[in-house]
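Going from the sequence shown to the working numbering is simple: count from 1 and add 608.
As structure tokens, the structure follows; a few thoughts come after it.
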Amino acid sequence: MAALVRRCEGWQHVEAALAAHKPIIFVTPHLGGFDVAGRYVSSRLPYPLTAMYRPPKLGWLEPLMQAGRVRDNGRTAPATAAGVRVLMKALKGGEATVILPDQAPGAGEGVWADFFGRPAYTMTLLPRLAAATGAVVLFFFAERLPWAAASRCACTRCRAASAATAKATRRR
Numbered sequence: 609m610a611a612l613v614r615r616c617e618g619w620q621h622v623e624a625a626l627a628a629h630k631p632i633i634f635v636t637p638h639l640g641g642f643d644v645a646g647r648y649v650s651s652r653l654p655y656p657l658t659a660m661y662r663p664p665k666l667g668w669l670e671p672l673m674q675a676g677r678v679r680d681n682g683r684t685a686p687a688t689a690a691g692v693r694v695l696m697k698a699l700k701g702g703e704a705t706v707i708l709p710d711q712a713p714g715a716g717e718g719v720w721a722d723f724f725g726r727p728a729y730t731m732t733l734l735p736r737l738a739a740a741t742g743a744v745v746l747f748f749f750a751e752r753l754p755w756a757a758a759s760r761c762a763c764t765r766c767r768a769a770s771a772a773t774a775k776a777t778r779r780r
């Protein structure tokens with residue numbers, strides 16, 4: 609899958625974090641080729657990439673999903689308290705993680721924030737992990753090119769969490 613990526617814009621942000629020996633949190637939405645993005649990143653990092661995931665409702669799909677995601681340099685962590693500990697350990701060890709922030713957190717695990725004038729229940733895990741580990745937070749995604757022959761990736765640095773999210777996280 610990673611071989612299908614023809615170009616990656618913004619990879620210098622990853623190289624800067626690696627050179628500074630900083631852990632990295634890659635943030636990618638459930639949009640487009642998030643699995644392609646993860647495979648591409650894991651193929652280029654010098655250490656494992658740990659991704660948080662929610663096990664599928666159909667149990668027989670779990671081994672298939674795991675086999676695809678843990679190939680090469682990938683590791684997974686379930687979307688549980690134990691999985692958060694796995695992410696924290698990876699980040700404190702100077703490694704990288706992937707978080708898909710558009711997953712709704714469980715009751716009491718998120719905050720209500722304004723989203724284009726509407727309230728949205730959102731996770732606080734991302735800014736809390738970044739604050740606890742000093743990780744560099746990078747938005748990363750893959751996009752299919754015309755005729756689905758290949759993909760391109762893009763990466764940009766997230767300089768700071770929004771004031772509302774940071775404030776809400778401190779209240780917890």
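C-beta: ideal position from N, C-alpha, C; glycine also.
Item	Value
Could you check if E670 is buried or exposed, using at least 16 other CB atoms within 10 Å of its CB as the buried criterion?	exposed
Going by C-alpha to C-alpha distance, which of P754, A750, A756 and W755 sits closest to T764?	A750
In this structure, does DSSP put R726 in helix, strand or coil?	strand
For K700 and P631, I'd like the C-alpha separation in whole angstroms.	7 Å
Can you tell which of A625, V613, A685 and D710 has the C-alpha that lies nearest to the C-alpha of L639?	D710
Can you check which of these residues, R652, D643, G667 and W668, is closest to A659 by C-alpha distance?	D643
Using a 10 Å radius around the Cβ and a threshold of 16 neighbouring Cβ atoms, would you call L666 buried or exposed?	exposed
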